[in-house]
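>
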Amino acid sequence: MMRSSLSRWGLGALALAGLAAAVIDPALAQAPAAAAPAAPKPNAGDTAFVLISAYLVLLMTIPGLALFYGGLVRTKNMLSVLTQVFVIVAVVSIIYVIYGYSLSFTSGGGLNAFIGGFSKAFLMNVDPTKTAATFSNGVVIPEYAYIIFQMTFACITPALIVGAFAERVKFSALLLFVVLWVTFIYFPMAHMVWYWAGPDAIADAAKAVAAAGTDAAAKAAAEAKLAEAKADAGLLFQWGALDFAGGTVVHINAGIAGLVGCLVIGKRIGYGKELMPPHSLVMTLIGAALLWVGWFGFNAGSNLEANGTAALAAINTFVATGAATLAWLFVEWAAKGKPSLLGAASGAVAGLVAVTPAAGFAGPMGAIILGLVSGGVCFIFCSTVKNAFGYDDTLDVFGIHCIGGIIGALGTGIVVNVALGGAGIPDYETKPGELVAGTYELIPALWAQAKAVLFTLAFSGIGSFILFKIVDVVVGLRVTADREREGLDLAEHGERAYNL
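The sequence shown maps to residues -29 to -1, 1 to 471 in mature numbering (1 follows the signal peptide of the UniProt record, and there is no 0).
In C-alpha cells form, the structure reads like this:
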C-alpha cells in the first residue's frame, strides 16, 4: 500500500510538472509536426513491366525490322540491310546515353518548348535511386528503366528510314545521316511531344489553387504556379496533342524523312523497267511476326505502369493489327485478283502504326476502325499513289509509316471520345491526385492533332532535306552505278548473305 501511494503521488507530481512546463513554454504542449509525405517508391511489377517492354521493342528492331526489310530486298542486298539496322541500334544507343536522353527529357530553359538541356548529359545525376514519373499521381519507376525504354524508341526510328532508299545508299553516308538526324530531328521531336512536368507537379499546383480559397493573393500565386507547371512541357504537348506511343515522334517523323531521302537519292537503276521482287517472303513474315509481338512492348509499355490502361493498349494493338491485315488483304484481293502474304504482312504493320498514337486512348472498337481505315488507305498509297508519282520508296516507308501515322494521329482525336468508347483526354486538375477524363470537344481535339501532324511533316521533312544535302556534300549519298549493280553486300561489306 505504501509503495502504491508513493507511485500515485509520484505520477501526480510529474503531471503537475509537465503542466507547469507547458504553461511556461506552450511549444512543449503542441503535438509533434506531421512528417512530410514519403517520396513514392517504384513498384517491382511496374519496373519489370517497363524493362520487359523495352526488351520487346529491341526485339522489334533486331531481328524483327531487320528481317522484315531484309526479306523484301534482292538477294545481293540482304546483308547490307541487316548490317544497317543492326549498326544503327549500336550507334544510337551510345548517342542516347551521352546526350540524347538529356536533350529529350530535361528542361531546356529558354528553349524548353523545342529541346531539352544538358543537365543529364552522360547520364549525370542519374543513379539506381533516381525515379521517373509515370502517368499516375504518386507512381514512379526507376529512371534507368525509363531511359532504356525510351532508348529503344530512339534506336528503331532511324532504322525505319533506311527502307525508303535501300539498295543504293552508302553505308558511311547512312551512319553520318543517322547521327545528325537523331540529334537535330528525333530528340527535339521526342521532347516537343513527350516532355512534361509530370502528374504530381500539376496535381500539387492544382491542390494549392483549391486550398487558396477566397484569398485573392494566395489564389493568384497558386494559379501562377499551376500555369508554370503546365508550361514546363514541349511545344506539341502544350498544344494538347495526344501521342500515346509515337505516331508523330516515330512514324510520321521517319516516314516523311524516308520520302525525302528516296527523292534526294533518286531511283534505283532499272526501277520501273526491271522486276525487283522480294528475295524471301519467308524472312519478311518472320520479321512481321516479331514486329507484331514486339509492338505490345512498344504500345502497352508506353503506359509505364502495369495497369488497366496498359491492358487497353495491348488489346488495341491486337485488334487494330488484325483489322488492318484483313482490310489490306481484301482490298488487294479485289484490286489484283489474289490475296498475297506480302499484302497481309504489310497490312499488319500499317495497323500497328495507326494504333500507336491511340493505343491507350481508344476503345477496342475505335482501334478496329483505325485498323480498317489504315489497311485500305495504306494499300492505295503503296500502289496507286506511288505508281502515279513514280517515286522509288523501296520498302514503302512513306506509304505505311507516314500515312498510317497520319491516320492514327488524326483518328486519335476522334476515338479518344468517351462517348465512342475511348478513355478520354487526361485531366489532372479537376480532381487533383486522381486521373479523370477531361471535357471532350471534337473540333479542338482534331485541331490539336492536325497541328501536330502538320508540324511534324514540316519540321522533319525540311530538316531531313537539309541533312541529306549536308551528307551528300560531305561523303556522297549514293554508291556508284557499278557498285549498285554488283549489290551492296559485296560492294559495301565484302560479304554475302548466302553462300550456296
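Note that the Cβ used here is the ideal one computed from N, Cα and C, for glycine as well.
Taking only the alpha-carbon atoms, compute the straight-line gap between Val44 and Ala135 and give it to the nearest angstrom.
Here residue 44 refers to the residue found at position 73 when the sequence shown is read from its first residue. Here residue 135 refers to the residue found at position 164 when the sequence shown is read from its first residue. Answer to the nearest angstrom: the Cα atoms are 11 Å apart.
> Is there contact between the stretch 289 to 299 and the stretch 322 to 332, where contact requires at least three CB pairs shorter than 8 Å?
Because the criterion of three Cβ pairs below 8 Å is met, the stretch 289 to 299 and the stretch 322 to 332 touch.
> Just the C-alpha distance for residue 503 and Leu50, rounded to the nearest angstrom, thanks.
Residue 503 falls outside the range modelled here, since the chain spans only -29 to 471, and no answer is possible.
> What's the C-alpha gap between Leu230 and Ala394?
Against the sequence shown, residue 230 aligns to sequence position 259. Against the sequence shown, residue 394 aligns to sequence position 423. One C-alpha to the other measures close to 34 Å.
> What does the Cβ neighbour count give for Arg456, buried or exposed, with the cut at 16 atoms within 10 Å?
The sequence position of residue 456 within the sequence shown is 485, counting from 1. The residue is exposed, with fewer than 16 neighbouring Cβ atoms inside 10 Å.
> Roughly how many angstroms lie between the CA atoms of Ala333 and Asn470, to the nearest whole one?
Translated into positions along the sequence shown, residue 333 becomes position 362. Translated into positions along the sequence shown, residue 470 becomes position 499. So the alpha carbons of these two residues sit roughly 48 Å apart.
> Evaluate Met163 with the Cβ neighbour count: other Cβ atoms within 10 Å of its Cβ, from every protein chain shown; 16 or more gives buried, anything less gives exposed.
Walking along the sequence shown from the start, residue 163 turns up at place 192. When all chains shown are included, Met163 counts as buried.
> I need the straight-line Cα distance from Pro249 to Gly42, nearest angstrom please.
Taking the sequence shown and counting its residues from 1, one reaches residue 249 at position 278. Taking the sequence shown and counting its residues from 1, one reaches residue 42 at position 71. Near 6 Å, if we compare the C-alpha coordinates of Gly42 and Pro249.
> Determine the burial state of residue 530: buried for a count of at least 16 other Cβ atoms within 10 Å of its Cβ, exposed for fewer.
Any question about residue 530 goes unanswered here, given that the chain covers just -29 to 471.
> I need the straight-line Cα distance from Leu74 to Gly392, nearest angstrom please.
As a position in the sequence shown, residue 74 is number 103, starting the count at 1. As a position in the sequence shown, residue 392 is number 421, starting the count at 1. Going from the Cα of Leu74 to the Cα of Gly392 covers about 36 Å.
> Taking only three categories from DSSP, how would you classify Val62?
In the sequence shown, residue 62 corresponds to position 91, counting from 1. Helix.
> Would you kindly report the start and end of the unbroken alpha helix (DSSP H) that includes Val253?
Residue numbering aside, residue 253 sits at position 282 when the sequence shown is read from its first letter. That run of the alpha helix (DSSP H) goes 252 to 271.
> Per DSSP, what are the beta-bridge partners of Pro397 in this structure?
If you number the sequence shown from 1, residue 397 lands on position 426. Ala408, per the DSSP bridge assignment.
> Return the CA-CA distance between Leu53 and Glu199, expressed in angstroms with no decimal places.
Position 82 of the sequence shown, counting from 1, holds the residue named residue 53. Position 228 of the sequence shown, counting from 1, holds the residue named residue 199. Cα to Cα, Leu53 sits roughly 46 Å from Glu199.
> If we ignore side chains and look at the alpha-carbon of each, how far apart do Met254 and Phe39 end up?
Position 283 of the sequence shown holds residue 254. Position 68 of the sequence shown holds residue 39. Spanning the two alpha carbons is a distance of roughly 6 Å.
> Would you mind sorting Pro159 into buried or exposed? The rule is 16 or more other CB atoms within 10 Å of its CB.
The residue labelled residue 159 in the question sits at position 188 within the sequence shown. The residue in question, Pro159, is buried, as its Cβ has 16 or more Cβ neighbours within 10 Å.
> With a 10 Å radius around its C-beta and 16 neighbouring C-beta atoms as the bar for buried, classify Phe148 as buried or exposed.
One-based indexing of the sequence shown puts residue 148 at position 177. Label assigned to Phe148: buried.
> From Ala174 to Leu27, what does the alpha carbon distance come to, in whole angstroms?
As a working note, residue 174 is residue 203 in the sequence shown. As a working note, residue 27 is residue 56 in the sequence shown. Cα to Cα, Ala174 sits roughly 32 Å from Leu27.
> Short check: CB of Tyr67 to CB of Ala15, under 7 Å?
Counting from 1 along the sequence shown, the entry for residue 67 is found at position 96. Counting from 1 along the sequence shown, the entry for residue 15 is found at position 44. It is not a contact, given that the beta carbons lie outside the stated cut-off.
> Out of Val356, Ile377, Tyr117, Pro335, point me to the one whose CA is closest to Val389's CA.
Here the question's residue 389 lines up with position 418 in the sequence shown. Out of Val356, Ile377, Tyr117, Pro335, Pro335 has the C-alpha closest to the C-alpha of Val389.
> Going by C-alpha distance, which of Leu381, Gly314, Ala330, Ala408 is nearest Cys349?
Start at 1 with the first residue of the sequence shown, and residue 349 comes out as number 378. Nearest of Leu381, Gly314, Ala330, Ala408 to Cys349, Cα basis: Gly314.
> Report yes if the CB atom of Leu341 is closer than 7 Å to the CB atom of Ala225, and no otherwise.
Here residue 341 corresponds to residue number 370 of the sequence shown, with the count starting at 1. Here residue 225 corresponds to residue number 254 of the sequence shown, with the count starting at 1. Not closer than 7 Å, so no.
> To which residues of the same chain is Gly258 closer than 6 Å at the C-beta, ignoring the five residues directly before and after it?
By 1-based counting over the sequence shown, the position of residue 258 is 287. Result list for Gly258: Gly35, Leu38, Phe39, in chain order.
> Under three-state DSSP, which class holds Thr327?
Locating residue 327 in the sequence shown gives position 356, counting from the first residue. The answer is coil: DSSP assigns Thr327 none of H, G, I, E or B.
> What residues in its chain sit with their C-beta under 6 Å from that of Leu343, if we drop five residues either side in the sequence?
Walking along the sequence shown from the start, residue 343 turns up at place 372. Taken in chain order, the residues that qualify are Ala294, Ala298.
> Hey, could you find the ends of the beta strand (DSSP E) Pro113 is sitting in?
In the sequence shown, residue 113 corresponds to position 142, counting from 1. Residues 111 to 113.
> Is DSSP giving Thr46 helix, strand or coil here?
Position 75 of the sequence shown holds residue 46. Thr46: helix per DSSP, three-state reduction.
> Could you check whether the stretch 408 to 416 touches the stretch 380 to 388, counting it as contact only if at least three pairs of C-beta atoms, one from each stretch, sit closer than 8 Å?
Contact between the stretch 408 to 416 and the stretch 380 to 388 is present, because at least three Cβ pairs lie under 8 Å.
> Give the straight-line distance between the Cα atoms of Ala271 and Gly331, rounded to the nearest whole angstrom.
The residue given as residue 271 occupies position 300 in the sequence shown. The residue given as residue 331 occupies position 360 in the sequence shown. So the alpha carbons of these two residues sit roughly 8 Å apart.
> Taking only three categories from DSSP, how would you classify Ala9?
Sequence index remark: in the sequence shown, residue 9 carries index 38 (1-based). Correct three-state label for Ala9: coil.
> Taking just the CA atoms, how far does Lys440 sit from Ala452?
Counting from 1 along the sequence shown, the entry for residue 452 is found at position 481. Counting from 1 along the sequence shown, the entry for residue 440 is found at position 469. The straight-line gap from Cα to Cα measures roughly 20 Å.
> Does the distance between the C-beta of Asp17 and the nearest non-hydrogen atom of the ligand MG fall short of 6 Å?
With respect to the ligand MG, the structure shown offers nothing to examine, as it has no ligands at all.
> Can you tell me whether DSSP reads Ala103 as helix, strand or coil?
Residue 103 sits at position 132 when you count from the first residue of the sequence shown. Correct three-state label for Ala103: strand.
> According to DSSP, is Arg449 part of a helix, a strand, or is it coil?
Reading the sequence shown from its first residue, position 478 is the one you call residue 449. Correct three-state label for Arg449: strand.
> Over what stretch of residues does the alpha helix (DSSP H) that includes Ile69 continue unbroken?
Position 98 of the sequence shown, counting from 1, holds the residue named residue 69. Unbroken run through Ile69: none, as it is neither H nor E.
> If I measure Cβ to Cβ from Lys190 and keep anything under 6 Å in the same chain, skipping five residues before and after, which residues do I get?
By 1-based counting over the sequence shown, the position of residue 190 is 219. Closer than 6 Å at Cβ, skipping near neighbours: Ala183.
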